[in-house]
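*Asks:* Heads up: the protein sequence lines correspond to chains A and B, in order. So the first sequence is numbered by the working numbering: it starts at 1 and just counts up by one. So the second sequence is numbered by the working numbering: it starts at 1001 and just counts up by one. All C-beta atoms in this analysis are idealised placements derived from N, C-alpha and C, irrespective of residue type, glycine included. Keep in mind it's a predicted model, so treat the numbers as computed, not measured.
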Amino acid sequence: MKDKILSLSCGVIFGVGLVISGMTNPEKVIGFLSITNDWDASLIFVMGGAILVTCPIFLLLKYQVTSLLDARITLTEIKHIDRRLVLGSALFGVGWGLVGLCPGPAISSIAFFEPITFIFLVSMIAGILFNKYIAN
Amino acid sequence: MYNFTPFTSLIGGIIIGFSVVLYFYTTGRLAGISGILANSVTNKLNRFSNFLFLLGLVIGPSIYFLFNESSGTFEITNSLILIILGGFLVGLGTRMGSGCTSGHGICGISRFSIRSIFATIIFILFGIITVFILQQFGIHL
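#1: Would a C-beta distance cut-off of 8 Å place residue 1097(B) and residue 84(A) closer than the cut-off?
#2: Taking the alpha helix (DSSP H) that residue 1033(B) belongs to, which residues open and close that run?
#3: Note down the Cα distance separating residue 1115(B) from residue 82(A), rounded to an integer number of angstroms.
#4: Starting from residue 1125(B), find everything on chain A with Cβ-Cβ shorter than 7 Å and list it in chain order.
#5: Under 8 Å between the Cβ atoms of residue 106(A) and residue 1013(B)?
#6: By DSSP's criteria, residue 72(A) is part of a beta bridge. Which residues make up the other side?
#7: Let me see if you follow: with CB-CB separation under 8 Å, is residue 1(A) close to chain B or not?
#8: Considering residue 1120(B), what are the terminal residues of the alpha helix (DSSP H) in which it resides?
#9: Taking C-beta pairs closer than 7 Å, name the residues in chain A that residue 1102(B) reaches, listed in chain order.
#10: If you follow the alpha helix (DSSP H) that residue 1030(B) is part of, which residue opens it and which one closes it?
#11: Checking contacts by CB at 8 Å: is residue 37(A) closer than that to chain B?
#12: Please tell me whether residue 1075(B) has its Cβ less than 8 Å away from any Cβ of chain A.
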């Protein structure tokens, strides 16, 4: 039960952060990717602000083996850069540049009631399932 | 840079960071949104918790709109081809590459993961190239 309340709460906090940061607006993300024309550097401040909080805390919790709710912490320590990481990130970058939505803002965009974002969400889930299909 | 909002973006980023830290410290899981979404679709383990996190992503902005006069700016392309292709590539790419802006860009970088730093550079670079090409065709402004 605690796990569910915390998941919901963290989602709400994350969503509030996203909307305040301006990243729920696809045009603003496109503005960040548009370095040759009216560049909007705001996204750097979003990532910077988040990392400012997460970096010291992750360092403090580096040797933590169980979470507060007694879940085992298993973080992957894969170090090598493989073809899937490079190709996947490149494909994601292209999709991100085409519309200006990444997964978080794409889900938060439901709050704006724009019908076109539902088509984006369905396509995104199709992409997720397609990856599962080709990975098997 | 007339749209530049360093202050509100920094505040928003700090709030996102707080969510990531709270989620990790309590549940032991990393708040990578593409992973949470994929798991809520394809994995039975923690399915309901993952779904609740996603629900929170919608409730958060909705609450914010209740207390703010403006209902937020939302400008998106109206091209169905871009939407469908973009959505598909974001879904496929983030899962093939094991992360998105939150998973690699925030969680990974703050853990000094070489893979995440590399992934973040690649997706930002390809995003920049894509926007540049579309602008040459007059598609993005």
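*Replies:* The short version:
#1: yes
#2: 1033-1042
#3: 9 Å
#4: 93
#5: no
#6: Answer is 66(A), bridged to residue 72(A).
#7: no
#8: 1114-1136
#9: Simply 104.
#10: Secondary structure note for residue 1030(B): it is in no alpha helix (DSSP H), with a DSSP letter that is neither H nor E.
#11: Answer yes: the Cβ-Cβ gap between residue 37(A) and chain B drops below 8 Å somewhere.
#12: Proximity of residue 1075(B) to chain A, defined by a Cβ-Cβ separation below 8 Å, is satisfied.
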